[in-house]
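Participant: Quick note, the sequences are listed as chains A and B, same order. Quick note, the first sequence lines up with residues 785 to 1175 if you use my numbering. Quick note, the second sequence lines up with residues 785 to 1175 if you use my numbering. The following block contains the structure, expressed as structure tokens.
Number of protein chains: 2
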Amino acid sequence: MHPADLASFLLAFASALLGAKLLGEICERLGQPAVLGELLAGVLLGPSMLGLVPLSAGILLIAEVGVLLLLFEVGLETDLEELLRVGGPAMAVAVVGMALPFAGGYLLTRAAGFPTLTAIFVGAALTATSIGISSRVLSDLGLLASREGQIILGAAVADDILGLVVLAVVSQIAASGSVSAWQAGKSALLSFGFLLVAIVAGLPLGRLLVRGVGRANVRGILVAVSVAFALLAALGAQAAGSAAIVGAFAAGLVLARTNRSDDIRNAVRPTVDVFAPIFFVAIGAQVDVRYLDPVDASNRPALLLALGLIVVGSLGKFAAGWAAWGRVRRSFIGAGMIPRGEVGLIFAQIGKQNGALPEPAFVAVVVAVFATTFLTPPLLKTLRPRRVETA
Amino acid sequence: MHPADLASFLLAFASALLGAKLLGEICERLGQPAVLGELLAGVLLGPSMLGLVPLSAGILLIAEVGVLLLLFEVGLETDLEELLRVGGPAMAVAVVGMALPFAGGYLLTRAAGFPTLTAIFVGAALTATSIGISSRVLSDLGLLASREGQIILGAAVADDILGLVVLAVVSQIAASGSVSAWQAGKSALLSFGFLLVAIVAGLPLGRLLVRGVGRANVRGILVAVSVAFALLAALGAQAAGSAAIVGAFAAGLVLARTNRSDDIRNAVRPTVDVFAPIFFVAIGAQVDVRYLDPVDASNRPALLLALGLIVVGSLGKFAAGWAAWGRVRRSFIGAGMIPRGEVGLIFAQIGKQNGALPEPAFVAVVVAVFATTFLTPPLLKTLRPRRVETA
């Protein structure tokens, strides 16, 4: 490896950490969740502004480990039984929250004069909630364990799994012009099947692992083995056709049910604190501020479409909150489903690559994904339930 | 980034962590330092055997952050004043313990027919005692606070600093192809100068940083800012013409003297536990086991050289124990200086990268480092003083 590559990686890593914590602290003092500051640090330090944090392979690897460890930690802090207890309303919120933004995005894009395939891709890109952003905001607000928090989490996990099914389906439509319902159903069954199998098979495996580690004395074994377990579960999920983050989340759920869960949480926390900010900074760094200038007339069609997508994307998810039942604050649940993140960007990237998304539609989707992401933290903060009810 | 690249990186990262901890535990149970197991895990998982841990850019970046955080932690655990109290004998042991193995390694390598530059690198690789291994063994024997223990620790720290000067000097020789006393002197001055400036300028900066962090509330700020501080200090050292690890070590020394040093140590420890094993595994992964087969006649020169290096490397350090004065057990001090670890391996790695160490010389150095590391714990156990005198 060239020393200059190493130096620019170390500089990017250190700048991202400092920027994330500085702007995170400022955001918290302004009454906003810290993750908003980490996203803004990314915009500021990224290629389109200061250029201190390039989207190099090294930074993207750290970012990927970051989001996996974040979901692992969320899993560690999630009680499987409580999650299952809110399974019904969570699934309802997920399904309604995918159908409404898809319909809105599709109709709006057709109305703007784009072809059907483009409209399908735009609609699909609006379906998946960013579990990373939502869970981080809930954690910042201390509401991860609330009933609303658990419903949002469950719905976001279902969203991630369903979102990949939708991605497989629309990719097939783009490639062959048609789709088979049988293939789509198989894909969905495989993804949910993995989660089930992972948890059922993972529970004894996790206990075995913890027992083995408990008999060991070598320094750092608990955190090293836990991190390795999470990464391998993520790989397994990906290999099974599900999302890597679902695997990391499942690994957390499994280890949360062992008798060393508190030790694991404490050991993993500082590691998450080093890796995860890089994920949020990397998302912010993907914002190209030049496209956001409304004075430039060539930006306006994309910005107008983006504005429409932000409205239908946000309202569609927001309305999905009312699909939940029980004594819950539906507006908070709806708001928690709004952020699109990594999955929406993956849709946009694939749509751009296979020609389904022409440049203005691509820019509109990316802008809408970022806008919903930046909108959510202050919105959740405003709508948070005063009286925290644990599920 | 291609998903397959990400998957192979995650697999390598997870395998390296699991292998390092498993073999580390086995080594500890056999009375050997855990670091030996991490090196062996690298040999086993590396390209020449199982191939699970390739030396990809991603793994090398994690490894580099790992060694920087390791040296940062060593700095955090070093009390400058306590070391200065046994400074005289420690410095004498350090200097004699560097001169003898250097001369032995140089002469032996020249006698084996290698060029001068290779001989210089081999000699230099034998100079630095592993502070990590020595302090770990002393701690296991309950002799860290003994006068002998303090002298070993002080000499090992001086070794680390002097070793980095030697590294800077030989790197410059390798780069410019000539042995210039002026260049050597400049390198030494730069390295010492950087360390001095870093500590003098770093002390108020570190206190300022800790005060600032103390007023902040955002989660994870202490570990994130500490890690960023270490990485930036490493970059500064590199930019100033010194080695990156000197900067990371200086950052640790500086933060060790703040009122949050215990919190920083606790927060940094699990992060070191995740990154540092990758460094040792990556080093082990660079050993090509085909070179270790004595049945293959073409391997014999390297293996013979390794054998010679083990003898001169061990005897040179052992003899240095008699450079100490006061009522101390000199054989114990000498034995405590024998293990070469991370710094010797860094020499080997840099020498391999810049072409100064051809494959057989690289293998000989790594084998010698392994062997001296393996030799030390039983030797120290045998030679330990009965009556413990505190310094």
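Built from N, CA and C at the ideal position, the CB exists for glycine as well.
Under a three-way DSSP split, which group does residue 1026(A) fall into?
Facilitator: Stepping through the first sequence from its first residue, residue 1026(A) is reached at position 242. Secondary structure at residue 1026(A): coil, using DSSP grouped into helix, strand and coil.
Participant: Please state the DSSP three-state secondary structure of residue 866(A).
Facilitator: Residue mapping note: residue 866(A) aligns to position 82 of the first sequence, counting from 1. Correct three-state label for residue 866(A): helix.
Participant: Could you give the distance in angstroms between the alpha-carbon of residue 1144(A) and the alpha-carbon of residue 956(A)?
Facilitator: Residue mapping note: residue 1144(A) aligns to position 360 of the first sequence, counting from 1. Residue mapping note: residue 956(A) aligns to position 172 of the first sequence, counting from 1. When rounded, the distance between both Cα atoms is 23 Å.
Participant: Going by beta-carbon coordinates alone, are residue 1103(A) and residue 884(A) separated by less than 8 Å?
Facilitator: For the purposes of this step, residue 1103(A) is taken as the residue at position 319 of the first sequence. For the purposes of this step, residue 884(A) is taken as the residue at position 100 of the first sequence. The Cβ-Cβ distance between residue 1103(A) and residue 884(A) falls below 8 Å.
Participant: With DSSP run on the structure shown, which of helix, strand or coil describes residue 1122(A)?
Facilitator: Along the first sequence, one-based indexing puts residue 1122(A) at 338. Three-state result, residue 1122(A): coil.
Participant: Please confirm whether residue 838(B) has its beta-carbon closer than 8 Å to some beta-carbon of chain D.
Facilitator: The structure shown contains no chain D; its protein chains are A and B.
Participant: According to the Cβ coordinates, are residue 944(A) and residue 1029(A) closer than 8 Å?
Facilitator: Here residue 944(A) is taken as the residue at index 160 of the first sequence, counted from 1. Here residue 1029(A) is taken as the residue at index 245 of the first sequence, counted from 1. Against a cut-off of 8 Å, the Cβ pair of residue 1029(A) and residue 944(A) comes out as a contact.
Participant: Kindly give me the distance between the Cβ atoms of residue 853(B) and residue 1052(B), rounded to whole angstroms, as I take these residues to be in contact under 8 Å.
Facilitator: Position 69 of the second sequence, counting from 1, holds the residue named residue 853(B). Position 268 of the second sequence, counting from 1, holds the residue named residue 1052(B). So it is a contact: roughly 7 Å between Cβ atoms.
Participant: Nearest to residue 976(A) by alpha carbon, out of 994(A), 1148(A), 908(A) and 938(A)?
Facilitator: Translated into positions along the first sequence, residue 976(A) becomes position 192. Put simply, of 994(A), 1148(A), 908(A) and 938(A) the residue whose alpha carbon is nearest the alpha carbon of residue 976(A) is 938(A).
Participant: Taking its Cβ as the centre, do 16 or more other Cβ atoms sit within 10 Å of residue 900(B), making it buried, or is it exposed?
Facilitator: Stepping through the second sequence from its first residue, residue 900(B) is reached at position 116. The residue is exposed, with fewer than 16 neighbouring Cβ atoms inside 10 Å.
Participant: Quick one: give me the first and last residue of the alpha helix (DSSP H) that residue 1050(A) is part of.
Facilitator: Within the first sequence, residue 1050(A) is the residue found at index 266, counting from 1. Looking at the DSSP string, the run of the alpha helix (DSSP H) that includes residue 1050(A) is 1045-1069.
Participant: On the three-state DSSP scale, how would you describe residue 861(B)?
Facilitator: Here residue 861(B) refers to the residue found at position 77 when the second sequence is read from its first residue. Three-state result, residue 861(B): coil.
Participant: For residue 1084(B), collect the residues of the same chain with a Cβ closer than 7 Å to its Cβ; drop the 5 residues on either side in sequence, then sort them by chain order.
Facilitator: Against the second sequence, residue 1084(B) aligns to sequence position 300. Apart from sequence neighbours up to five positions away, the residues of its chain that approach residue 1084(B) with a beta-carbon distance below 7 Å are 1078, ordered along the chain.
Participant: Excluding the 5 residues flanking residue 859(B) on each side, which residues of the same chain have their C-beta closer than 6 Å to its C-beta?
Facilitator: Translated into positions along the second sequence, residue 859(B) becomes position 75. Hits under 6 Å: 1033, 1036 and 1037.
Participant: Could you pull out every residue in the same chain whose Cβ sits closer than 6 Å to the Cβ of residue 1147(A), ignoring the five residues on either side in sequence?
Facilitator: Taking the first sequence and counting its residues from 1, one reaches residue 1147(A) at position 363. Answer for residue 1147(A): 1075 and 1086, listed in chain order.
Participant: Look at the Cβ atom of residue 1092(B), then the Cβ atom of residue 892(B), and state whether they are nearer than 8 Å.
Facilitator: Residue numbering aside, residue 1092(B) sits at position 308 when the second sequence is read from its first letter. Residue numbering aside, residue 892(B) sits at position 108 when the second sequence is read from its first letter. The answer is yes: Cβ separation under 8 Å.
Participant: For residue 1128(A), does the three-state DSSP call read helix, strand or coil?
Facilitator: Sequence index remark: in the first sequence, residue 1128(A) carries index 344 (1-based). In the structure shown, residue 1128(A) sits in a helix (DSSP, three-state: H, G or I).
Participant: Taking the runs of the alpha helix (DSSP H) that are 4 residues or longer, which of them lie wholly in the stretch 938-999 of chain B?
Facilitator: 965-998
Participant: Are the stretch 985-1001 of chain A and the stretch 821-831 of chain A touching by the rule of at least three beta carbon pairs closer than 8 Å?
Facilitator: no
Participant: If you compare alpha carbons, which of 788(B), 792(B) and 843(B) is closest to residue 1069(B)?
Facilitator: In the second sequence, the residue the question calls residue 1069(B) occupies position 285. When C-alpha distances from residue 1069(B) are compared across 788(B), 792(B) and 843(B), the shortest belongs to 843(B).
Participant: Look at the Cβ atom of residue 1064(A), then the Cβ atom of residue 804(A), and state whether they are nearer than 8 Å.
Facilitator: Position 280 of the first sequence, counting from 1, holds the residue named residue 1064(A). Position 20 of the first sequence, counting from 1, holds the residue named residue 804(A). Against a cut-off of 8 Å, the Cβ pair of residue 804(A) and residue 1064(A) comes out as a contact.
Participant: I need the straight-line Cα distance from residue 958(B) to residue 882(B), nearest angstrom please.
Facilitator: Working through the second sequence from its first residue, we reach residue 958(B) at position 174. Working through the second sequence from its first residue, we reach residue 882(B) at position 98. Approximately 20 Å between the Cα atoms of the pair.
Participant: First and last residue of the alpha helix (DSSP H) that includes residue 802(B)?
Facilitator: Start at 1 with the first residue of the second sequence, and residue 802(B) comes out as number 18. That run of the alpha helix (DSSP H) goes 787-813.
Participant: Determine the direct distance from the alpha carbon of residue 866(A) to that of residue 1167(A), and round the result to whole angstroms.
Facilitator: Here residue 1167(A) refers to the residue found at position 383 when the first sequence is read from its first residue. Here residue 866(A) refers to the residue found at position 82 when the first sequence is read from its first residue. Each residue's Cα considered, the two are about 23 Å apart.
Participant: How about residue 823(A): is its Cβ closer than 7 Å to a heavy atom in the ligand ATP?
Facilitator: What this structure holds is no ligand at all, so the ligand ATP is not there to describe.
Participant: Answer yes or no: do residue 1115(B) and residue 1105(B) have a C-beta to C-beta separation smaller than 8 Å?
Facilitator: Counting from one through the second sequence, the residue named residue 1115(B) turns up at place 331. Counting from one through the second sequence, the residue named residue 1105(B) turns up at place 321. Their beta carbons are under 8 Å apart, which means residue 1115(B) touches residue 1105(B) by this criterion.
Participant: Which residues of the stretch 1050-1077 of chain B have a Cβ closer than 9 Å to any Cβ of chain A? Give them in chain order.
Facilitator: 1050, 1051, 1052, 1053, 1054, 1055, 1056, 1057, 1058, 1059, 1060 and 1061
Participant: Counting C-beta neighbours from all protein chains within 10 Å, is the total for residue 1178(B) 16 or more, i.e. buried, or is it exposed?
Facilitator: No statement about residue 1178(B) is possible, as the shown extent of chain B runs from 785 to 1175 and does not include it.
Participant: CA-CA distance, residue 830(B) and residue 1005(B)?
Facilitator: Stepping through the second sequence from its first residue, residue 830(B) is reached at position 46. Stepping through the second sequence from its first residue, residue 1005(B) is reached at position 221. Taking the straight line joining both Cα atoms gives about 36 Å.
Participant: Against residue 1092(B), what residues of chain A qualify as contacts under a CB-to-CB distance less than 8 Å, listed in chain order?
Facilitator: As a working note, residue 1092(B) is residue 308 in the second sequence. Here the premise fails: no neighbours, minimum Cβ distance about 32 Å.
Participant: Give every residue of the same chain whose Cβ lies closer than 6 Å to the Cβ of residue 1109(B), excluding the five residues on either side of it in the sequence, and list them in chain order.
Facilitator: For the purposes of this step, residue 1109(B) is taken as residue 325 along the second sequence, with counting starting at 1. Excluding residues within five positions, the ones whose Cβ falls inside 6 Å are 873.
Participant: What do you reckon, are the CB atoms on residue 1135(B) and residue 909(B) nearer than 8 Å?
Facilitator: Working through the second sequence from its first residue, we reach residue 1135(B) at position 351. Working through the second sequence from its first residue, we reach residue 909(B) at position 125. In terms of Cβ geometry, residue 1135(B) and residue 909(B) form a close pair [threshold 8 Å].
Participant: What's the C-alpha gap between residue 924(B) and residue 820(A)?
Facilitator: Your numbering for residue 924(B) matches position 140 in the second sequence. Your numbering for residue 820(A) matches position 36 in the first sequence. Their backbone Cα atoms lie some 46 Å apart in a straight line.
Participant: What does the alpha-carbon distance come out to for the pair residue 838(B) and residue 845(B)?
Facilitator: Taking the second sequence and counting its residues from 1, one reaches residue 838(B) at position 54. Taking the second sequence and counting its residues from 1, one reaches residue 845(B) at position 61. Cα to Cα, the separation comes out at about 13 Å.
Participant: Please confirm whether residue 1022(A) has its beta-carbon closer than 8 Å to some beta-carbon of chain B.
Facilitator: Here residue 1022(A) is taken as the residue at index 238 of the first sequence, counted from 1. So yes, residue 1022(A) belongs to the interface.
Participant: Of the residues 1107(A), 1157(A) and 1094(A), which one's Cα is nearest the Cα of residue 889(A)?
Facilitator: Within the first sequence, the letter at position 105 stands for residue 889(A). Closest option to residue 889(A), Cα to Cα, is 1094(A).
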